[in-house]
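Written out below as structure tokens is the structure these notes cover.
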Amino acid sequence: MDKILRVNMTDLTTAVEEVPAEWAGLGGRALTSTIVAKEVPPTCHALGPNNKLVFAPGLLSGTAASNSGRLSAGAKSPLTGGIKESNVGGTAAQMFARLGIKALIVEGMPKGEGWYALKVGKDGVTIEEERGLLGLGNFAVIDALQALLGKKTGVIAIGPAGEMKLTSANISVKDPSGKIRSHGRGGLGAVMGSKRIKFIAIDDEGAPGIQLADPEAFKRASRVFTKALMDHPVSGQGLPTYGTNVLVNILHEAGGLPTRNFTHGQFDGHEQICGETMHDTIVARGGKPRHGCHAGCVIQCSQVYHDKEGQYLTSGFEYETIWGLGANCLIAELDDIALADNLMDDLGIDSIETAVAFGVAMEAGLLPWGDGKEVVRILREEIGKGTALGRVIGSGAGAVGRTYGVTRVPVVKNQAIPAYDPRSVKGIGITYCTSPMGADHTAGYTIATNILNVGGQVDPLKKEGQVELSRNLQIATAAIDSTGMCIFIAFPALDIPECLPALIAMINARFGAKLTGEDVTGLGKTVLKLERAFNLAAGLTSADDRLPEFFSSDPVTPHQAVWDFTNEEIDAFWDF
Amino acid sequence: MAPITVTIKLFAHFRHGRFKEADHQFPPGVACREVILGLGFRLGEMGIVMVNGQHAPLDHPLSERDTLALFPLVGGG
Ligand code: SF4
Chain D
1 MDKILRVNMT
11 DLTTAVEEVP
21 AEWAGLGGRA
31 LTSTIVAKEV
41 PPTCHALGPN
51 NKLVFAPGLL
61 SGTAASNSGR
71 LSAGAKSPLT
81 GGIKESNVGG
91 TAAQMFARLG
101 IKALIVEGMP
111 KGEGWYALKV
121 GKDGVTIEEE
131 RGLLGLGNFA
141 VIDALQALLG
151 KKTGVIAIGP
161 AGEMKLTSAN
171 ISVKDPSGKI
181 RSHGRGGLGA
191 VMGSKRIKFI
201 AIDDEGAPGI
211 QLADPEAFKR
221 ASRVFTKALM
231 DHPVSGQGLP
241 TYGTNVLVNI
251 LHEAGGLPTR
261 NFTHGQFDGH
271 EQICGETMHD
281 TIVARGGKPR
291 HGCHAGCVIQ
301 CSQVYHDKEG
311 QYLTSGFEYE
321 TIWGLGANCL
331 IAELDDIALA
341 DNLMDDLGID
351 SIETAVAFGV
361 AMEAGLLPWG
371 DGKEVVRILR
381 EEIGKGTALG
391 RVIGSGAGAV
401 GRTYGVTRVP
411 VVKNQAIPAY
421 DPRSVKGIGI
431 TYCTSPMGAD
441 HTAGYTIATN
451 ILNVGGQVDP
461 LKKEGQVELS
471 RNLQIATAAI
481 DSTGMCIFIA
491 FPALDIPECL
501 PALIAMINAR
511 FGAKLTGEDV
521 TGLGKTVLKL
531 ERAFNLAAGL
541 TSADDRLPEF
551 FSSDPVTPHQ
561 AVWDFTNEEI
571 DAFWDF
Chain Z
1 MAPITVTIKL
11 FAHFRHGRFK
21 EADHQFPPGV
31 ACREVILGLG
41 FRLGEMGIVM
51 VNGQHAPLDH
61 PLSERDTLAL
71 FPLVGGG
């Protein structure tokens, strides 16, 4: 029987609860957002005792379905002041699902100065005091826990940034190679830090495992689904070969690669940091060009990147990080960016928020443009040691802009805008504005249709069709984020007709349900609306669904594009 | 009529055994399709075709100093 684990950090008690009927059909983002909306007072302080941190595996997590191992984390975000869901690969979702844990809810806040760890296993969850691993980076924490609890232990942890409650702090999850994937965005690591939990260890020994309602139907649908993933050129060949970083050259060519803190749309150093160069470098140095962030990923967009001596430097080296420190901070040196990526993982800070914060810091004159060595020093010596400067940069792009009087601050709802310029790729601008998560490309990835010719074509430079495109993708994404699927299944789902029905058939065969495509779209709409309602109740308004002013006043090269949507056009997004 | 010079840029595995970037000469108004076929590609391999940073249909005629960028179907996010 599936269950809910509840941990109260105020009185240090735990409970195993039955799953309420209305939560039974939910998973992933649908479940974390439903629980946060129901149980968290929207106006509470995100780092206070009334916020709750919720983890939930997706509906299909723990099954043999390809790419279904995502874990959602949800809370009120200390960065945006609104609701947050952030999902991640790694081993934890599958362990939770096999243990029958529908959700883990952490509430309250300890009174004293002590720190704690949670241990999750087949009998529920326990709270233990923690001393030894405090102040350590994520890699040391994972190594120590593997030594103590065995190689197979699952780990969900915060680094020093989470302990300091910095608003760019993320939550790290151990991946199958003992490295890290992150619940990156929105400062959820600060929420975990506010509850004074350094890590959650998971032991799935003796787990009951997953009962499929109809194993034969599941197997059939799963085969069709996996074939679609393998057949589509993006998920079957492009992503495994070049990783997400293949986008550097594409966005450069399209004039949508934000450069020098969103001043230009193209970066002269693009060839030095692009996916093609990265692929050749990885191969030449004996790294791994393809790698999965969880067992059962057949796409394997991740990679292992080695340094010049052939030693491990980083993994899960994503386009957004490379863009952020590369084009946006003018660092045309992949090794510097890789080292910074590894340090950000270790400190436990969001690599998008932090890279954009560095761009704003460079604009403020705090460090020279393109100085990768100084970025590394600041990560180690300032953020890592919690100096005043480190805490400002570690609190995100908005904080840096406010502290140093910068007006070119690319954020929406105080969350940094990622790697696609909304002036020259207009659909993604609608997603940045309207997503309840704040600026987040994954919430409705219009790049697929605006730039990559997946799921049709909508001209990126024109306004026509963008609101509808973003709306459809945000609804679909909210649903996919609830299944436990990696969002990259959207590429085949948009193009191959058998893909989505097979996904729904797997959910039905797992639960003995009779969901239709319309039900799934309905779920996506419900999730988006309840997230939006939380934000409005928290005090956000439609004035928060806007891009910063400079996007309307400053044209971006090479197309001289500006952001030209009216407020009414943006607000029409919510007409559904 | 004098030939035109077009800068051709290739990406991802299109570069293998070919080039990254090269100037080629064509008759004025040559369509993207002819250039693509002339490089030994099949039309079905094309993911994104851009002329001067904007998506272009295969029959788009090229002019002097245009840049034609060819990508296989790839993606990320
Ligand atoms: S495609 Fe990439 S992000 Fe998705 S599950 Fe696989 S490795 Fe993780």
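Chain order of the listed sequences is D and Z.
If you count the first sequence from 1, position 486 lands on 486 in the UniProt record's numbering, and the numbers rise without skipping.
If you count the second sequence from 1, position 36 lands on 36 in the UniProt record's numbering, and the numbers rise without skipping.
Cβ atoms here follow ideal geometry from the backbone N, Cα and C, with glycine treated the same way.
Query                                                                                                                                                             : Result
Under a Cβ-count criterion, where at least 16 other Cβ atoms within 10 Å of its own Cβ denotes burial, should D:V527 be classed as buried or exposed?             : buried
List, in chain order, every chain Z residue whose beta-carbon is nearer than 7 Å to that of D:F491.                                                               : G75
Report buried or exposed for D:P289, applying the criterion of at least 16 other Cβ atoms within 10 angstroms of its Cβ.                                          : buried
Please state whether the Cβ-Cβ distance between D:I127 and D:K52 is less than 8 Å.                                                                                : no
Show which residues of chain Z have a CB atom less than 7 Å away from the CB atom of D:V246.                                                                      : A12, V74 and G76
Could you tell me how far apart the beta carbons of D:Q272 and D:A332 are, in whole angstroms, since I believe they sit closer than 8 Å?                          : 4 Å
For the ligand SF4, I want to know if D:G28 counts as a neighbour, meaning its beta carbon is within less than 7 Å of at least one of the ligand's heavy atoms.   : no
Is any heavy atom in the ligand SF4 found nearer than 7 Å to the beta carbon of D:I480?                                                                           : no
Ends of the beta strand (DSSP E) at D:R181?                                                                                                                       : I180 to H183
Going by the beta-carbon positions, is the gap between D:G256 and D:D421 smaller than 8 Å?                                                                        : yes
On the DSSP bridge list, what partners appear for D:P57?                                                                                                          : D:L71
Any beta carbon from chain Z within less than 8 Å of D:V234's own beta carbon?                                                                                    : yes
Along the alpha helix (DSSP H) that carries D:T32, what are the first and last residues, could you check?                                                         : G28 to E39
Using the C-alpha atoms, what's the distance from D:S61 back to D:G89?                                                                                            : 10 Å
In angstroms with no decimal places, state the Cα-to-Cα distance between D:T153 and D:L523.                                                                       : 33 Å
With 8 Å as the C-beta to C-beta threshold (strictly closer), list the residues of the region 102 to 120 of chain D near chain Z in chain order.                  : none
Taking the alpha carbon of D:K165 as the point to measure from, which residue in D:M192, D:Q146, D:L389 and D:L149 has its own alpha carbon closest?              : D:M192
Mapping the DSSP letters down to three states, classify D:Y420 as helix, strand or coil.                                                                          : coil
Report all residues from its chain with a CB closer than 8 Å to the CB of D:A448; omit the five preceding and five following residues, and keep chain order.      : V454, G455, L473, A490, F491 and L494
Quick one: what does DSSP say Z:H55 is sitting in, helix, strand or coil?                                                                                         : strand
Leaving out five residues on either side along the sequence, give the residues of the same chain with a beta carbon under 6 Å from the beta carbon of D:Q415.     : L79, T80, G438 and A439
Fully enclosed by the region 136 to 201 of chain D, which alpha helix (DSSP H) runs are 4 residues long or longer?                                                : 138 to 149, 160 to 163 and 188 to 194
Rounded to whole angstroms, what is the Cα-Cα separation between D:G370 and D:A479?                                                                               : 40 Å
Let me check you understand the geometry: is the CB of D:H279 closer than 7 Å to at least one non-hydrogen atom of the ligand SF4?                                : no
Hey, how far is the Cα of D:P460 from the Cα of D:L469?                                                                                                           : 11 Å
Name the residue from D:Q466, D:A443 and D:N450 whose alpha carbon lies nearest to the alpha carbon of D:N87.                                                     : D:A443
What do you get for D:Y319, buried or exposed, if any count of 16 or more other CB atoms within 10 angstroms of its CB means buried?                              : buried
Count the other CB atoms, across all protein chains shown, that sit within 10 Å of the CB of D:H441; report buried if there are 16 or more and exposed otherwise. : buried
Could you compute how far the alpha carbon of D:A572 sits from the alpha carbon of D:T516?                                                                        : 27 Å
Nearest to D:M9 by CA position, among D:Y305, D:E113 and D:L547, is which residue?                                                                                : D:E113
Have a look at D:G429, D:F488, D:S435 and D:G484 and flag the residue whose alpha-carbon is nearest the alpha-carbon of D:G465.                                   : D:G429
For chain D, is any of its Cβ atoms less than 8 Å away from the one on Z:F41?                                                                                     : no
Which value, in whole angstroms, describes the spacing of the CA atoms of D:V224 and D:I496?                                                                      : 11 Å
Okay, do the region 92 to 101 of chain D and the region 202 to 215 of chain D touch, 3+ Cβ pairs below 8 Å being the bar?                                         : yes
Compute the Euclidean distance between the alpha carbons of D:D350 and Z:A2, then round it to the nearest angstrom.                                               : 55 Å
Just the C-alpha distance for D:L26 and D:H252, rounded to the nearest angstrom, thanks.                                                                          : 40 Å
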